[in-house]
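Reviewing the structure listed below.
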Amino acid sequence: MKKTLLAMVMALPLFAVQQNLTLEQALELVKQNNIEVKVAEHDVLMKEQEHKAAVGYNYGQLNLVFNALRSNDAGNVFGFKLQSREASFRDFGFSDFLGGVGQALNMAGGDFGVFTSIMSDPAMQNRLLDTEPDDLNYPDARNHFQEKIQYQVPIYVGGKLQAYGEITDKMTTISKLDRQKVLNQKLFETRKTYYNISLVENFIKNLNQILKNVEELEETVANMVDEGYALDIDLLQVQTKKADVLRMINQAKLNRELAYQYLSFLVDDKVVSIVVLDNDVPMPRMKKDEMLSRNIDIQKAHKGLEVTDLAVRVEKANFLPQIGAFAEYGSADNTFLNDFTDKDAYTFGVQLKWNIFNGLVDYAKYEKAKIQNMKMQHQVDLAKKGIGLQIDKTITSIRSKDYDIQSLREKVKFTQRVYENYYNRYKEGLMSINDVLIKNSEEIQAVLALVKTRFERNNKVFELENIINKGIL
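The sequence shown begins at 1 in the numbering used here and counts up one residue at a time.
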């Protein structure tokens with residue numbers, strides 16, 4: 001029993017749902033759970049690592065190198081012995097040379113003068129010099145173990161490394177702006193969906209009130225039919241209108257269900273109900289210059305321009321000298337780590353490399369970088385003007401919708417009063433059922449137009465907030 005209860009408790013989070021979710025809670029869930037936002041965050045982390053790698057090149061590299069070799073190649077074996085500080089005259093083939101000298105001594109019979117004469121003979125000299133030393137040409141196979149530590153560091157590369165570091169830093173900033181843009185888009189979609197659900201809920205509420213009125217009308221007409229003051233066709237017309245209203249309610253409920261499914265996708269959790277909002281989205285209050293400065297695309301364009309400035313510096317560095325330093329310390333022997341300090345060796349130095357001519361390749365790349373920089377300057381200006389125009393159009397559309405909503409609210413009130421008037425006059429026998437149903441339809445159309453306009457107005461406000469990078473401020 002205890003195990004069953006424990007399993008049920010552990011499984012509760014798997015079946016958790018969001019009930020009476022507030023807008024603030026929904027926005028927080030998007031920031032924490034939305035998968036697209038997480039992907040964008042990973043992109044930022046990768047760019048940060050690229051920046052660290054670019055900065056790391058300034059410090060050079062320190063390598064520990066270990067070589068374990070075995071060879072009978074004459075050049076390799078001789079080199080192994082030199083690196084191990086064990087080379088001897090025998091390794092140069094002096095044993096074969098001394099053998100020739102010994103033969104000359106035997107031929108001289110101990111007479112130094114004769115020996116000198118023999119050694120002065122060109123034929124003897126050529127014979128000795130042409131001798132192929134067996135120890136040098138056919139050495140025994142030898143093991144070679146070499147341990148060394150190497151350090152290489154750039155001293156001056158024309159400012160390339162600094163420029164690369166700044167470029168990757170700005171690319172990291174651009175990736176953060178991309179992440180913010182993704183987050184803003186998801187917050188925009190969340191607020192839009194949340195408000196749309198609220199509007200649908202209010203629409204269903206209004207339709208239910210209209211349905212109640214139609215049902216009241218149906219009851220009245222039915223009583224009048226029974227008393228002979230109305231025809232069956234009047235009741236049938238009212239029942240048809242009732243069916244239309246029920247159809248609209250069911251359609252609205254299906255749209256609400258679809259909106260809930262999308263909201264659940266955005267917050268990556270099951271949402272079954274929200275706290276319904278009745279107010280419209282407030283209009284952002286800030287100057288146009290601030291709106292432009294906050295826009296992410298314009299910020300990205302400015303960062304892109306800075307990157308092209310640095311790219312020009314990188315290409316210009318190809319005309320400058322490059323200086324680097326190198327240091328190495330190690331030891332070698334035919335046995336691993338044998339007599340390390342007795343056979344150790346070091347090497348250090350500095351190299352300067354300066355390209356004088358390469359077919360004007362560097363010049364072409366430099367000119368291309370400058371053209372790219374000029375192109376980016378024009379793109380920044382274009383982004384400012386294009387987004388400025390987009391802001392103006394959106395604000396104008398919002399103001400127009402505000403006027404429409406104000407007018408439609410009055411129209412809804414008016415159609416409701418007209419319907420009530422016609423309904424009361426119908427009960428007095430002064431109006432036909434057709435006139436009453438027409439006024440009922442006009443009320444429904446007014447409610448529909450108001451809801452639609454509020455949808456459109458709110459969406460435009462959300463678009464503006466997305467453009468100006470308002471986020472959830």
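For each residue, glycine too, the CB sits at the ideal point set by N, CA and C.
Being a predicted model, the structure only gives us computed values, none of them experimental.
Neighbourhood of residue i by C-beta distance below 8 Å, restricted to the same chain and skipping five residues each side
i    : result
D43  : S175, D178, R179
S198 : I274, V276, L277, D278
E328 : K148, I149, Q150, Y151, Y346, T347, F348
I391 : K288, M291, L292, L464, I467, I468
Residue i in three-state terms, based on DSSP
i    : result
R247 : helix
N458 : helix
R85  : coil
I467 : helix
P122 : helix
S331 : strand
E442 : helix
Q18  : strand
K192 : helix
D344 : strand
I149 : strand
F326 : strand
L187 : helix
K353 : strand
L62  : strand
K160 : helix
A74  : helix
N67  : strand
V272 : coil
R127 : helix
I174 : helix
R285 : coil
A33  : Strictly speaking, residue 33 in this sequence is Asn, with Ala absent from that position. Here N33 sits in helix by DSSP.
N223 : helix
N279 : coil
N338 : coil
Contact set for residue i: own chain, Cβ-Cβ below 7 Å, skip 5 residues either direction
i    : result
K181 : I296
K384 : L292, I298
G349 : F326
T453 : K401, D404, I405, L408
V77  : S71, P139, R142
V451 : L199, F203
Q379 : A301
I387 : L292, N295, D297, I298, I467
CB contact flag (residue i, residue j, <9 Å)
i    : j    : result
Q18  : L27  : no
G159 : A369 : no
N67  : D140 : no
N355 : A311 : no
L263 : V271 : yes
T475 : F145 : Missing from the structure shown is residue 475; the chain here goes from 1 to 473 and no further.
G330 : M376 : no
V447 : L254 : no
A332 : L183 : no
V267 : N33  : yes
L187 : K393 : no
T164 : I323 : In the sequence as presented, Thr is not what sits at residue 164; that position holds Tyr. Result no, Cβ atoms of Y164 and I323 do not sit closer than 9 Å.
Neighbour-count burial assignment, residue i, 16 or more Cβ in a 10 Å radius
i    : result
M291 : buried
F357 : exposed
T4   : For T4, the predicted model reports a pLDDT of 48, less than 50, meaning its position is unreliable and no value from the coordinates is stated.
L12  : The pLDDT assigned to L12 is 40, lower than 50, so where the model puts this residue is not dependable; a value taken from the coordinates is nonetheless given after this. Label assigned to L12: exposed.
K241 : buried
I467 : buried
A123 : exposed
E24  : exposed
L235 : buried
S84  : buried
I371 : exposed
T22  : exposed
V361 : exposed
D232 : exposed
T415 : buried
I433 : buried
L82  : exposed
6 Å Cβ shell around residue i - same chain, five flanking residues per side excluded
i    : result
L161 : Y57, N58
E48  : T172
N20  : S273, V275
K365 : E315
A252 : V200, F203, I204
R285 : none
E36  : V182
Would you call the segment 157-169 and the segment 47-60 touching, i.e. three or more CB-CB distances under 8 Å? yes
**Asked** Are the segment 460-469 and the segment 278-298 touching by the rule of at least three beta carbon pairs closer than 8 Å?
**Response** yes
Requested in this report: Evaluate the contact criterion for the segment 435-447 versus the segment 416-425: three or more CB pairs, one atom per stretch, below 8 Å.
Outcome: yes
Inspect the CB distances between the segment 180-196 and the segment 225-243 and report whether three or more fall short of 8 Å.
no
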